[in-house]
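Report on one structure; see the data block that follows.
Protein chains: 2
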Amino acid sequence: MEDLDRRLVGLLLQDGRMSYTDLGKATGLSTSAVHQRVRRLEERGVITGYAATVSPEALGLPLSALISVTPFDPSDPDDVPQRLAHITEIEDCYSVAGVESYILKVRVAMPGNLEDLLARIRSAANVSTRTTVVLSTPWEGRSASASV
Amino acid sequence: MEDLDRRLVGLLLQDGRMSYTDLGKATGLSTSAVHQRVRRLEERGVITGYAATVSPEALGLPLSALISVTPFDPSDPDDVPQRLAHITEIEDCYSVAGVESYILKVRVAMPGNLEDLLARIRSAANVSTRTTVVLSTPWEGRSASASV
DNA sequence: TGTGAAAAGTTAAGAGA
DNA sequence: TCTCTTAACTTTTCACA
Numbered sequence: 001m002e003d004l005d006r007r008l009v010g011l012l013l014q015d016g017r018m019s020y021t022d023l024g025k026a027t028g029l030s031t032s033a034v035h036q037r038v039r040r041l042e043e044r045g046v047i048t049g050y051a052a053t054v055s056p057e058a059l060g061l062p063l064s065a066l067i068s069v070t071p072f073d074p075s076d077p078d079d080v081p082q083r084l085a086h087i088t089e090i091e092d093c094y095s096v097a098g099v100e101s102y103i104l105k106v107r108v109a110m111p112g113n114l115e116d117l118l119a120r121i122r123s124a125a126n127v128s129t130r131t132t133v134v135l136s137t138p139w140e141g142r143s144a145s146a147s148v
Numbered sequence: 001m002e003d004l005d006r007r008l009v010g011l012l013l014q015d016g017r018m019s020y021t022d023l024g025k026a027t028g029l030s031t032s033a034v035h036q037r038v039r040r041l042e043e044r045g046v047i048t049g050y051a052a053t054v055s056p057e058a059l060g061l062p063l064s065a066l067i068s069v070t071p072f073d074p075s076d077p078d079d080v081p082q083r084l085a086h087i088t089e090i091e092d093c094y095s096v097a098g099v100e101s102y103i104l105k106v107r108v109a110m111p112g113n114l115e116d117l118l119a120r121i122r123s124a125a126n127v128s129t130r131t132t133v134v135l136s137t138p139w140e141g142r143s144a145s146a147s148v
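In the order they appear, the protein sequences are chains L and B. The first sequence begins at 1 in full-length UniProt numbering and counts up one residue at a time. The second sequence begins at 1 in full-length UniProt numbering and counts up one residue at a time.
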């Protein structure tokens, strides 16, 4: 990928609503050249979409936790992600190389909701869980990709 | 927060570049009413920004890992996040209630870079680390906030 | 909080190098 | 792959309910 494309991606990571005109000013390209390049980045799957970033606290979800998930029965077919997909509190789901099989990141309003959520996770996927509560978030979503 | 605001936030989580005109059509509001509401959501800090979402693989960072961080010397002043802030590979930094003090999510190009990164983390913050490699990501960034 | 209207700015698509 | 052009659309601001 070209340097110009990298710069466009970097700018759009910082401000996903930046206009093609401003992207052009920042890169020295014409508006339509920017437009074409961004469209190509989208088509190639480098840019997969655009999203508002919201404050979970402001939306009433101040409590985050990381949950390690281990299947009870290792002989079960491993369809844990599918079994958990409908649970909207689970923001991220990683399959990992560790003592656990999966690590989930969840957000809820308060401790009672976390208790309830854990019960739903355990019964939906037939797993045991180990939960680590997040006390504070020095930063999040800083796009390591920005370093590219 | 009102139901209309929730719907606007939900729509902008899904498509952060949606026009005010289209947001108006989706909510039944006039363009300028949408504009005012979105501006207020931004001012109140509910919407904190907009970002392109990119594929880390397409950017050449296919290897993710979760790193548990524990200070060597518990009597040290705890400024681990500040000491790590300059390391751009660290996408998320959580302070947690567990045997470890922090959990980091990082992205790198290949195993060698992970080795190098761990050395930099340990020496920058005077910590020990325990690393869990991510094998696959069934989903990520699904905005639990969408459930609001 | 909302509306509608008008000016200023942006996007999208095509022709041409 | 770039620029330029032009029509269609979107944003922004304002007066007013």
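All residues carry an ideal CB built from backbone N, CA and C; glycine is no exception.
With a Cβ-Cβ cutoff of 7 Å, do residue i and residue j count as a contact?
| i | j | result |
| --- | --- | --- |
| Ile67(B) | Leu12(B) | no |
| Thr129(B) | Val69(B) | yes |
| Val34(B) | Gly24(B) | yes |
| Gly16(L) | Ala51(B) | yes |
| Val9(B) | Pro71(B) | no |
| Leu61(L) | Ala109(L) | yes |
| Thr48(B) | Thr137(L) | no |
| Ala97(B) | Leu135(L) | yes |
| Arg107(L) | Pro56(L) | yes |
| Val80(B) | Tyr94(B) | no |
Measure the beta-carbon distance from residue i to residue j and round it to whole angstroms, keeping in mind my assumption that it falls under 8 Å.
| i | j | result |
| --- | --- | --- |
| Leu84(L) | Ala125(L) | 6 Å |
| Arg37(B) | Asp5(B) | 6 Å |
Whose C-alpha, out of the options, is nearest the C-alpha of residue i?
| i | options | result |
| --- | --- | --- |
| Ile90(B) | Val38(L), Ser143(L) and Leu63(L) | Ser143(L) |
| Leu29(B) | Thr48(B), Asp3(B) and Gln14(B) | Asp3(B) |
| Leu114(B) | Ser32(B), Gln36(B), Arg39(B) and Leu63(B) | Leu63(B) |
| Thr31(L) | Thr21(L), Ser75(L), Arg37(L) and Pro77(L) | Thr21(L) |
| Ile87(B) | Gly112(B), Leu117(B) and Asp73(B) | Leu117(B) |
| Ala65(B) | Pro77(B), Val133(B), Ser75(B) and Trp139(B) | Val133(B) |
| Trp139(L) | Arg7(B), Gln82(B) and Met18(B) | Gln82(B) |
Exposed or buried, which one is residue i when buried takes at least 16 other CB atoms within 10 Å?
| i | result |
| --- | --- |
| Asp92(L) | buried |
| Glu100(B) | buried |
| Glu39(B) | It should be pointed out that residue 39(B) corresponds to Arg in this sequence rather than to Glu. By the 10 Å Cβ count, Arg39(B) comes out exposed. |
Check whether the Cβ of residue i sits closer than 6 Å to any heavy atom of the ligand PLP, and report yes or no.
| i | result |
| --- | --- |
| Val46(B) | As far as ligands go, the structure on display features none, and thus does not contain the ligand PLP. |
### Query
Taking only runs of the beta strand (DSSP E) that begin and end inside the stretch 26-68 of chain L, which ones reach a length of at least 3 residues, in chain order?
47-54
### Task
Would you mind listing the alpha helix (DSSP H) stretches within the stretch 66-117 of chain B that are 4+ residues and don't spill past its ends, in chain order?
80-84
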